[in-house]
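**Student:** Questions regarding the structure given below will be posed in turn.
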Amino acid sequence: MKIQESAENYLETIYMLQKRNGQVRSIDVATELSFSKPSISVAIKNLRKGGYVEVDELGHILLCDKGREIAERMYERHTFLSQWLMDLGVDPETAVEDACRMEHVISNTSFEALKAHVESHSV
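Going by our numbering, the first residue of the sequence shown is number 2, and it counts up by one from there.
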C-alpha cells in the first residue's frame with residue numbers, strides 16, 4: 002500500500018531519532034521537523050490508526066513492523082542518494098534536500114538498479 006510522502010517523512014524521522022536517542026516522543030519529532038506539537042499529534046494519531054506506530058503509556062513512539070519497513074527504506078534511499086549526489090560534486094546541503102525529494106518518487110526497481118550500478122562502479 003502506498004502512503005503519503007508526509008507519512009514517509011514522519012516514519013523516517015522517528016526511525017532516525019530512535020537510532021540517535023533510543024526513545025522518541027511527539028515533541029522530539031516536532032522539534033526535528035520544526036512542526037507544531039498539534040500537527041505532530043494529528044500525524045501520530047493517523048499513523049497509529051494505520052498500524053504504522055504504537056505509543057506506549059509513557060508517550061514513547063514505537064515503529065510497528067510495517068512502519069519500520071517504510072522508515073528503513075526511506076532512510077536507505079535518503080542516505081544513498083545524498084552520498085551519491087555529493088560524490089557527483091553537489092554541495093551537501095543541496096544533495097540532502099534533493100535526496101529528500103527523490104527518495105519518495107523513485108521506484109524500487111529504479112533505486113535498486115541505480116544502487117547496483119553505483120556499487121559495481123565504485124573503487
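Ideal Cβ positions, reconstructed from N, Cα and C, are used throughout, including at glycine.
Determine the direct distance from the alpha carbon of Tyr53 to that of Met2, and round the result to whole angstroms.
**Tutor:** What you label residue 2 is simply residue 1 of the sequence shown in a count that begins at 1. What you label residue 53 is simply residue 52 of the sequence shown in a count that begins at 1. Residue placement at Met2 is poorly supported in this model, since its pLDDT is 47, which falls under 50; the coordinates still yield a value, given next. The alpha-carbon atoms of Met2 and Tyr53 are separated by roughly 12 Å.
**Student:** For Glu6, I'd like the list of residues in its chain whose CB is within less than 8 Å of its CB, leaving aside the five on either flank, ordered along the chain.
**Tutor:** On the sequence shown, position 5 is the one that residue 6 refers to. Here the set comprises His105.
**Student:** Does DSSP classify Glu33 as helix, strand or coil?
**Tutor:** Counted from its first residue, the sequence shown places residue 33 at position 32. Helix.
**Student:** Would you call the region 47-66 and the region 77-95 touching, i.e. three or more CB-CB distances under 8 Å?
**Tutor:** They do not touch, by the three-pair rule.
**Student:** Could you compute how far the alpha carbon of Gly68 sits from the alpha carbon of Met17?
**Tutor:** Here residue 68 refers to the residue found at position 67 of the sequence shown. Here residue 17 refers to the residue found at position 16 of the sequence shown. Going by the C-alpha atoms only, they are around 13 Å apart.
**Student:** Identify whether Glu55 lies in helix, strand or coil by the three-state DSSP scheme.
**Tutor:** Position 54 of the sequence shown holds residue 55. Reduced to three states, the DSSP call for Glu55 is strand.
**Student:** Please return the same chain residues whose Cβ sits closer than 7 Å to the Cβ of Leu86, not counting the five positions on each side in sequence.
**Tutor:** Taking the first residue of the sequence shown as 1, we reach residue 86 at position 85. Ala96, Asp99, Ala100.
**Student:** How many Å lie between Ser111 and Ala117 at the Cα?
**Tutor:** Taking the sequence shown and counting its residues from 1, the one referred to as residue 111 is at position 110. Taking the sequence shown and counting its residues from 1, the one referred to as residue 117 is at position 116. Taking the straight line from one Cα to the other gives about 10 Å.
**Student:** Got a sec, what are the start and stop residues for the beta strand (DSSP E) Ile41 sits in?
**Tutor:** Position 40 of the sequence shown, counted from the first residue, corresponds to residue 41. From DSSP, Ile41 is part of no beta strand (DSSP E) but of the alpha helix (DSSP H) over 38-50.
**Student:** Under 7 Å Cβ to Cβ from Glu33, same chain only, skipping five residues before and after it: list those, please.
**Tutor:** Reading the sequence shown from its first residue, position 32 is the one you call residue 33. Contacts found: Thr14, Leu18.
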